[in-house]
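**Q** Please read through the structure below; I'll follow up with questions.
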Amino acid sequence: MEVFGNAKTVYNNNSSRFGKFIQLRICQKGHIQGGRIVDCILSQNRVVRQNPEERNYHIFYALLEGAGKEEREAFYLLQPEKYHYLNQSGCIRDETISDKETFQEVKTAMEVMKFTAEDVREVFRLLAGILHLGNIDFITAGGAQISTKTALGRTAELLGLDSEQLTEALTHRSMILRGEEISTPLSTEQAIDSRDSVAMALYSQCFTWVIKKINSRIKGKDDFKSIGILDIFGFENFEVLHICCWFLCIDSAFCNHLVSSSNVGVIGHSVCSFLGVTT
Numbered sequence: 020m021e022v023f024g025n026a027k028t029v030y031n032n033n034s035s036r037f038g039k040f041i042q043l044r045i046c047q048k049g050h051i052q053g054g055r056i057v058d059c060i061l062s063q064n065r066v067v068r069q070n071p072e073e074r075n076y077h078i079f080y081a082l083l084e085g086a087g088k089e090e091r092e093a094f095y096l097l098q099p100e101k102y103h104y105l106n107q108s109g110c111i112r113d114e115t116i117s118d119k120e121t122f123q124e125v126k127t128a129m130e131v132m133k134f135t136a137e138d139v140r141e142v143f144r145l146l147a148g149i150l151h152l153g154n155i156d157f158i159t160a161g162g163a164q165i166s167t168k169t170a171l172g173r174t175a176e177l178l179g180l181d182s183e184q185l186t187e188a189l190t191h192r193s194m195i196l197r198g199e200e201i202s203t204p205l206s207t208e209q210a211i212d213s214r215d216s217v218a219m220a221l222y223s224q225c226f227t228w229v230i231k232k233i234n235s236r237i238k239g240k241d242d243f244k245s246i247g248i249l250d251i252f253g254f255e256n257f258e259v260l261h262i263c264c265w266f267l268c269i270d271s272a273f274c275n276h277l278v279s280s281s282n283v284g285v286i287g288h289s290v291c292s293f294l295g296v297t298t
């Protein structure tokens with residue numbers, strides 16, 4: 020899961036860019052019998068842009084470095100430098116990260132979690148489609164027009180869409196007025212925003228689907244008690260001490276909400292009481 024939600028940042032080469040609530044399910048004898056993961060606050064903006072010297076999510080680089088010949092041909096995979104969603108920050112590779120090994124680890128983990136071969140292939144197909152989507156450029160000619168037909172064709176094929184329909188969706192805004200559909204051309208800037216919004220939505224849905232598949236494998240039996248653990252990403256300025264208290268308050272508020280709504284046992288209230296923080 021982390022390879023889909025972690026990325027290299029300035030401070031950490033494996034920084035979690037998503038929040039998650041983990042529910043450990045415990046049987047009557049006190050043994051862990053299963054679990055459940057709830058994802059929240061995925062940093063979708065990272066899919067389409069990154070800060071200088073940072074990277075996109077690990078899975079993109081792992082796919083490009085580890086895919087075999089058949090996959091590279093089927094998904095039209097290129098070098099990372101060729102993709103707009105990967106080359107903006109000036110950081111493509113990190114000496115401390117083996118993207119090729121990561122790819123094999125991901126495939127093994129997905130097999131353990133009972134992803135079918137078709138499941139794995141479709142996830143990789145979608146990721147490739149997102150990368151090619153980012154390479155679609157626009158020019159102004161009475162409204163935004165797509166200037167990169169190769170990227171358009173590859174994106175449409177990988178996402179299972181019609182090229183003309185994808186073009187219309189990216190370059191026009193449709194609305195219903197008095198029962199009649201009206202299509203308005205977008206400017207180049209608006210078309211770029213539309214493209215990036217599609218990419219972020221696709222990746223977010225892929226991430227949610229992966230977690231759903233994992234949950235189906237680890238859920239365990241229905242008769243259980245549980246312990247909840249909240250893990251959220253946040254600031255990476257480690258010199259600012261008050262951030263620690265900020266995180267504790269966030270954890271406590273979220274966990275106390277879960278206590279009142281689903282009787283999940285947590286320690287957030289006790290920690291904040293010790294610090295004198297009202298919850």
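Going by this note's numbering, the sequence shown opens with residue 20, and the numbers climb by one from there. Virtual Cβ for every residue (Gly too), placed ideally from N, Cα, C.
Mapping DSSP to helix, strand and coil, what is Gln42?
**A** Strand at Gln42.
**Q** Once you ignore the five residues that flank Ala210 on each side, which residues in its own chain have a CB closer than 6 Å to its CB?
**A** Result list for Ala210: Phe157, Ala163, Leu189, Thr190, in chain order.
**Q** Using a threshold of 7 Å, is the CB atom of Ser108 nearer than that to any non-hydrogen atom of the ligand SAM?
**A** Absence of the ligand SAM from the depicted structure is noted, as is the absence of any ligand whatsoever, leaving it without description.
**Q** Quick check: the Cα distance between Ser108 and Asn32, rounded to an integer number of angstroms?
**A** Between Ser108 and Asn32, the C-alpha separation is close to 14 Å.
**Q** Let me know the secondary structure DSSP gives Glu200 once reduced to three states.
**A** Note: Glu200 maps to strand in three-state DSSP.
**Q** Taking the DSSP output, what are the residues bridged to Asp58?
**A** BP columns for Asp58 point to Lys39.
**Q** Can you look up Gln209 in the DSSP assignment and give me helix, strand or coil?
**A** Here Gln209 sits in helix by DSSP.
**Q** Can you find at least 3 beta carbon pairs, one from the segment 173-185 and one from the segment 117-136, that sit closer than 8 Å?
**A** Result no; under three Cβ-Cβ pairs closer than 8 Å.
**Q** Let me confirm a value: Lys39 is counted as buried when at least 16 other C-beta atoms fall within 10 Å, else exposed. Which label applies?
**A** It is buried - the Cβ of Lys39 has at least 16 other Cβ atoms within 10 Å.
**Q** Taking only the alpha-carbon atoms, compute the straight-line gap between Asn234 and Val22 and give it to the nearest angstrom.
**A** About 17 Å.
**Q** Check whether the segment 235-250 and the segment 85-95 touch, using three or more Cβ-Cβ pairs below 8 Å as the test.
**A** Short answer: they don't touch.
**Q** Can you tell which of Asp215, Gly49, Ala26 has the C-alpha that lies nearest to the C-alpha of Leu148?
**A** The sequence as given places Gly at residue 148; Leu does not occur at that position. For Gly148, the nearest C-alpha among the options comes from Asp215.
**Q** When DSSP labels each residue in this structure, what does Lys88 get in the three-state scheme?
**A** Lys88: helix per DSSP, three-state reduction.
**Q** Between Val57, Gln47, Ile45, which has its C-alpha nearest Ile251's C-alpha?
**A** Of the listed residues, the one whose Cα sits closest to Ile251 is Val57.
**Q** Please list the terminal residues of the continuous alpha helix (DSSP H) segment that includes Thr169.
**A** Unbroken alpha helix (DSSP H) run through Thr169: 168-178.
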